[in-house]
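Protein chains in written order, with my numbering: chain A, 253 to 755; chain E, 18 to 567.
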Amino acid sequence: MNKKLPALLLISVFVVATCGLIYELIAGTLASYLLGDSVTQFSTIIGVYLFSMGIGSWISKYFEKNILSWFIQIEILVGLVGGFSSTVLFLVFESIASFRIVLYGFVSLTGILVGLEIPLLMRILKDRYEFKDLVSKVFTFDYIGALLASLIFPLLLIPHLGLVKTAYMFGMLNVAVALIVCVSFKKEIRASKYLQSTSILSIIILLIGFVYADKITSFSESQTYSDTIIYSKSTPYQRIILTKKNKVLRLFLNGNLQFSSDDEYRYHEALVHPGLQALPYAKHVLVMGGGDGLAVREILKYPNIDSITLVDLDKGMTGLFQSNKMLLDINKNALLSKKVKVINADAFSWIKAQHKKFDFIVIDFPDPSNYAVGKLYTNSFYKLVKGILSPRGLMVVQSTSPYVAPKSFWTVNKTLESVGLKTIPYHNYVPSFGEWGYIIATEPENPYKKPQNYIPGLKFVSKESVDLMLFFPKDMAKVETEVNKLNNQILVKYFEDEWANVL
Amino acid sequence: MSGQTSYKADLSTYLKRRSFLLSVGLITGGIFLNGCLSKIKSKYNIKGSLNGPNAKAGHILRDKVKLPEATVFRKVKILIVGSGISGLSAARWLQKNGEKDFEVLELENHPGGNSHYGTNKTSSYPVGAHYITVANNDDDLLIDFLKEINVITHFENNIPYYNDYFLTFEPEERLLINGEWQDGLIPDFGVPEEDKHQIKEFLAFVNKLKNTKGNDGKFLFNIPISSSSTDKIYRELDKITFKKYLEEKGYTSKYLLWYLNYACKDDYGQKLDKISAWAGLHYFASRRGNAANAEQNAILTWPEGNGWIMKQLAGKLKEHIKTSTLCYNINLMENGNILATVYNPDTNITENIEAEKIILSSPQFINNRLLKNLQRLIDYSTFSYSPWLIANITINELPQSKGRALCWDNVAYNTASVGYVNSAQQHLKISEDKKVITYYLPLCDFEPTVARLAAYSRNYEQWLDIVIPELEVIHPEITQAIENIDFWVWGHGMIAPTKNFIWSENLEKARAPIENKIFFAHSDLSGISIFEEAFHQGIKAAKQILDGGK
Ligand SMILES: Cc1cc2nc3c(=O)[nH]c(=O)nc-3n(C[C@H](O)[C@H](O)[C@H](O)COP(=O)(O)OP(=O)(O)OC[C@H]3O[C@@H](n4cnc5c(N)ncnc54)[C@H](O)[C@@H]3O)c2cc1C
């Protein structure tokens with residue numbers, strides 16, 4: 253009898269055990285990445301996995317002949333299924349409904365196959381070695397393999413290889429076991445040539461997967477966005493992602509939708525025209541936030557405007573909207589206009605140092621979802637804005653959704669009023685966002701006068717639509733709130749509560 | 018009879034002294050040995066400085082160094098020794114009242130004393146005092162001053178409106194307890210109902226005390242302390258420790274006691290068992306300031322802490338402040354004037370200055386040396402000062418943790434420190450990659466004298482060994498994110514209101530001017546170390562001079 257056999261076979265036990273546990277860990281991790289709630293995901297996955305292993309060992313008794321060649325085939329299959337598991341799961345994730353079915357299908361399949369391995373191996377070996385010794389050795393190596401897997405998985409594999417590559421690597425190891433067994437026992441196996449070449453082919457396929465794994469993950473990031481990602485960039489401030497589907501472009505900042513090119517006009521027309529159309533004498537405009545240049549595009553439709561100052565934190569953002577062809581088509585080269593001056597600065601510090609007055613001020617900041625941005629919605633900030641608003645001027649503030657977050661919306665209103673401004677709240681429907689709110693504020697001596705006409709060429713705003721926008725139905729009616737201040741940041745709390753119910 | 022007792026007293030002080038020396042020897046010896054070891058290899062790859070008040074000046078004052086002969090003689094009408102808040106406040110008052118001929122001597126190369134601050138590339142940060150609270154509405158002098166420096170911008174219905182940029186921005190305070198950061202510092206998350214009940218009871222009790230006046234029509238506990246009620250039953254509370262008092266009142270909740278202990282450490286640098294019950298209650302029952310635009314007792318802070326207020330004071334007094342000038346000795350001259358010997362360690366020049374009056378806004382343990390040739394019949398040994406370690410930590414990003422986001426004040430339950438403050442809290446910028454956090458560690462596990470010597474003998478690596486493990490408990494994996502740590506050791510940080518101190522005869526005597534020529538202003542004369550006390554001590558001394566014994 254071949255002396256090398258026991259060591260080689262025991263190594264195979266070891267590899268098989270390690271691989272088995274790794275697939276389980278991968279499935280658990282992936283599920284908690286993609287579905288959240290790691291405790292639930294991990295426990296259900298482990299449960300299903302163990303149960304399937306039970307089924308596997310039960311089935312094993314139905315294998316009677318050609319156990320060796322069965323074992324080899326199962327190894328190849330485990331390797332392929334396990335190796336491709338994380339790639340497939342990543343790719344199908346977008347269609348959430350079926351995702352769980354695929355996930356648990358995978359977990360059961362791998363479980364059953366892994367469950368078959370050890371009993372079959374035992375039976376292969378039982379006639380060749382003393383039984384007691386065999387059982388103890390196999391189980392020892394099985395457990396050591398499991399221990400090793402649970403240690404290297406979080407410490408080495410996830411940080412260095414990532415989920416996709418790890419899966420391929422262990423897939424290859426699995427198939428390598430098949431190959432080794434195949435070669436070692438080649439005299440006892442009938443179709444050994446065929447099995448050998450199948451193993452080698454499988455290893456090659458898995459290797460290709462391993463090499464191209466990086467492509468797959470970025471491909472699957474694009475899958476998370478459902479549309480094709482055509483641009484992605486991390487600036488010091490945020491992650492910018494641009495997607496395209498058919499003709500529709502979408503911009504995401506840190507995963508939050510900023511605009512969708514098919515309906516952004518509803519938002520930007522509503523933001524700009526009800527205010528600016530009421531100021532025929534306006535010459536100097538300030539836009540804060542809005543680095544996409546879309547509000548500026550609307551403002552440039554008024555020939556009486558001499559200058560537009562755009563203050564946006566992120567150079568990466570304004571730069572993109574000054575250079576990318578597709579985006580220039582959307583904002584109509586707005587940020588390249590001679591009238592426009594782009595300043596990349598932190599709005600609060602910038603405005604504190606300002607003295608020049610503006611006739612029209614557009615405040616288009618991200619939603620107040622954290623204490624940092626929350627500062628830009630406080631009475632202290634609005635006092636500064638008021639300080640640079642010309643006496644007959646007007647400002648407008650994007651103020652989140654009065655439908656989803658009425659307390660937040662009316663807090664912005666109350667805060668503007670608290671610094672001595674007269675406010676005109678209004679809202680419209682933007683399909684990508686839902687019902688959205690804006691607030692115009694003026695000096696009380698120069699109240700807002702509703703325009704009777706609007707410049708031609710608008711797709712949404714008109715005298716009639718503005719009348720509708722000014723009306724607040726009961727489900728968005730004014731609620732009493734506190735003033736948002738630097739020392740209470742009440743708005744961030746409201747906003748968190750109100751949107752938590754939705755998301 | 019007297020022989021026996023004095024023998025006993027002698028023996029016991031002798032024994033006390035021996036055990037004191039032994040413990041000092043053991044502790045500092047241990048630290049020294051450990052220092053030699055940690056020099057060989059430091060565990061952490063963190064750089065920075067280890068600083069504190071000028072050590073050379075301390076040496077000189079302790080008569081360890083002989084000064085050169087005085088080569089300059091000059092006259093100044095009024096001298097002020099020390100440019101802490103009390104000295105600056107005295108100077109401001111003189112200036113406000115038309116006095117021009119005065120000088121403020123400061124041994125450090127910068128004014129400010131305990132309200133000193135530092136600056137690095139990332140931010141300014143405090144090294145000592147870091148906040149004040151909204152002024153009590155009866156404290157006219159303070160309210161006037163806050164108005165003067167635009168901390169109060171205007172009044173609405175006679176209630177001060179505080180500058181929105183100086184009221185602490187939200188989120189203000191969080192406590193790490195039972196594995197999570199909760200809102201506010203009063204233990205709540207995971208706290209059993211009975212404990213919550215005791216906490217509520219205690220807070221209701223002190224709240225009632227806060228609004229109670231004595232038979233003399235004064236609040237029981239007020240700021241400045243000197244304006245508190247003289248009713249005897251409350252002053253009796255100064256004769257027992259806060260710990261004893263709480264035991265007698267039946268407060269047993271470990272969460273409540275932790276909170277009260279934290280408060281004593283935070284304000285006085287000592288634990289419950291050292292602080293008098295009167296002082297312990299004063300912390301909770303003396304602040305009732307109302308603001309038009311903030312809740313009662315709201316906190317005011319700046320990136321540089323009270324260093325900001327200090328700059329407002331010092332800015333108007335520039336020509337009068339002489340830094341790097343150590344007052345070494347004070348004598349009475351035959352013509353009735355005062356002769357102050359001062360020394361500049363930078364130029365190595367000694368001067369004699371003749372003055373009509375002098376305000377000592379230096380602490381009493383220093384005055385003990387300055388006045389060694391004069392009769393001042395007080396017992397200096399009752400003045401006990403709590404030592405502190407401050408660590409200013411420049412950090413790239415705090416590791417994620419569970420619960421409430423980073424606040425201005427961040428405290429962890431059952432840790433040695435009283436937590437850290439975020440000096441970037443009042444910054445207006447939306448995005449900040451780095452920040453400086455200021456970590457406060459009261460050195461109150463040993464007697465102050467022992468703790469102080471131990472603190473002086475530690476080297477940089479040893480402070481790391483003390484601070485980093487606690488930071489790691491609060492924020493696992495924080496060490497990798499640390500860019501720099503600057504340590505600052507206050508040997509005599511804060512006066513400790515131990516029992517029988519604040520309302521003792523000895524302290525009253527210490528406040529008394531000497532021959533209407535030497536006046537005293539340091540906050541240690543109040544018995545507690547807070548901005549308001551220093552501020553009022555300064556004004557009181559200046560007024561005594563201006564009133565000229567009238
Ligand atoms: C760690 C720490 C944190 C604190 N935090 C707060 C806080 O948050 N809020 C608060 O209200 N208070 C706080 N305090 C209390 C603080 O001490 C007071 O607010 C105030 O700054 C005390 O001022 P002072 O003038 O009484 O004393 P000091 O600040 O001690 O001033 C004395 C000055 O005299 C100088 N001096 C001494 N001897 C001589 C000499 N011989 N010749 C010349 N100059 C001399 C010293 O250098 C010093 O500048 C804190 C204190 C410490 C130590």
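No residue lacks a Cβ here, since even glycine has one placed at the ideal position from N, Cα and C.
Since we're looking at a predicted model, the values are computed, not measured.
Check                                                                                                                                                : Outcome
Should A/D719 be labelled buried (16 or more other beta-carbon atoms within 10 Å of its own) or exposed?                                             : exposed
Are the CB atoms of A/E521 and A/V649 nearer to each other than 8 Å?                                                                                 : no
Is there at least one Cβ from chain A nearer than 8 Å to E/I447's Cβ?                                                                                : yes
Around the Cβ of E/H214, are there at least 16 other Cβ atoms within 10 angstroms (buried) or fewer (exposed)?                                       : exposed
Does any residue of chain E have a CB that is nearer than 8 Å to the CB of A/S632?                                                                   : yes
Per DSSP, what kind of secondary structure is E/Y24 in: helix, strand or coil?                                                                       : Caution applies to E/Y24, whose pLDDT of 48 falls short of 50 and renders its modelled position unreliable; the value that the coordinates give is listed next. Here E/Y24 sits in helix by DSSP.
Among A/V463, A/D385, A/G397, A/I595, which has the Cα closest to the Cα of A/L565?                                                                  : A/I595
Measuring CB to CB, does E/L105 end up less than 8 Å from E/L330?                                                                                    : yes
Shortest alpha-carbon distance to A/S589 belongs to which of A/G626, A/E550, A/K608, A/A605?                                                         : A/E550
With a threshold of 7 Å, establish whether the CB of E/N131 neighbours any heavy atom of ligand 1.                                                   : yes
Following a CB-centred definition, is E/H539 positioned closer than 7 Å to any heavy atom of ligand 1?                                               : yes
Exposed or buried, A/K737, counting other C-beta atoms within 10 Å across all chains shown (16 or more means buried)?                                : buried
Nearer than 7 Å: is that true of the beta carbon of E/I370 relative to any heavy atom of ligand 1?                                                   : no
Can you check which of these residues, A/F661, A/D515, A/A624, A/L505, is closest to A/M569 by C-alpha distance?                                     : A/L505
For A/F511, which residues does DSSP report across the bridge?                                                                                       : A/L503
Given that a residue counts as buried once 16 or more other Cβ atoms are within 10 Å of its Cβ, and exposed if not, what is E/K516?                  : buried
Please find out if some non-hydrogen atom of ligand 1 comes closer than 7 Å to the beta-carbon of E/Y397.                                            : no
Is the shortest distance between the beta-carbon of A/D719 and the beta-carbons of chain E less than 8 Å?                                            : no
Find out if the Cβ-Cβ distance for the pair A/A534, A/F612 is shorter than 8 Å.                                                                      : yes
Do E/N62 and E/E125 have their CB atoms nearer than 8 Å?                                                                                             : no
Under 8 Å Cβ-Cβ, which residues of chain A neighbour E/Y182?                                                                                         : S632, L738
Exposed or buried, what is E/I547 when buried is set at 16 or more other beta-carbons lying within 10 Å of its beta-carbon?                          : buried
Are the C-beta of E/T185 and some C-beta of chain A separated by less than 8 Å?                                                                      : yes
Please state the DSSP three-state secondary structure of A/K445.                                                                                     : helix
Closer than 7 Å: is that where the CB of E/G145 sits relative to any heavy atom of ligand 2?                                                         : The model on display carries ligand 1 but not ligand 2.
Which first and last residues belong to the alpha helix (DSSP H) in which E/E253 is found?                                                           : Taken as a continuous stretch (DSSP letters only), E/E253 belongs to no alpha helix (DSSP H), as it is neither H nor E.
Quick one, are the C-beta atoms of E/G436 and E/P143 less than 8 Å apart?                                                                            : no
Which first and last residues belong to the beta strand (DSSP E) in which A/E550 is found?                                                           : Segment 546-551 is the alpha helix (DSSP H) holding A/E550; no beta strand (DSSP E) there.
According to DSSP, is E/Y268 helix, strand or coil?                                                                                                  : coil
Whole angstroms are fine: how far does the CA of E/N239 sit from the CA of A/P703?                                                                   : 60 Å
Provide the residue span of the alpha helix (DSSP H) that contains E/G555, from first to last.                                                       : 548-563
Alpha carbon to alpha carbon, what distance is there between E/S434 and A/G357?                                                                      : 53 Å
Quick one: residues in its chain with C-beta nearer than 6 Å to the C-beta of E/S66, no 5 flanking neighbours on either side, listed in chain order? : D503
Could you tell me whether the Cβ atoms of E/I242 and E/I519 are closer together than 8 Å?                                                            : yes
If you drop the 5 nearest sequence neighbours on each side, which residues of the same chain put their C-beta closer than 6 Å to that of E/G201?     : E190
Could you work out which residue in E/A408, E/Y402, E/L415, E/I176 is closest to E/I160 when comparing CA atoms only?                                : E/I176
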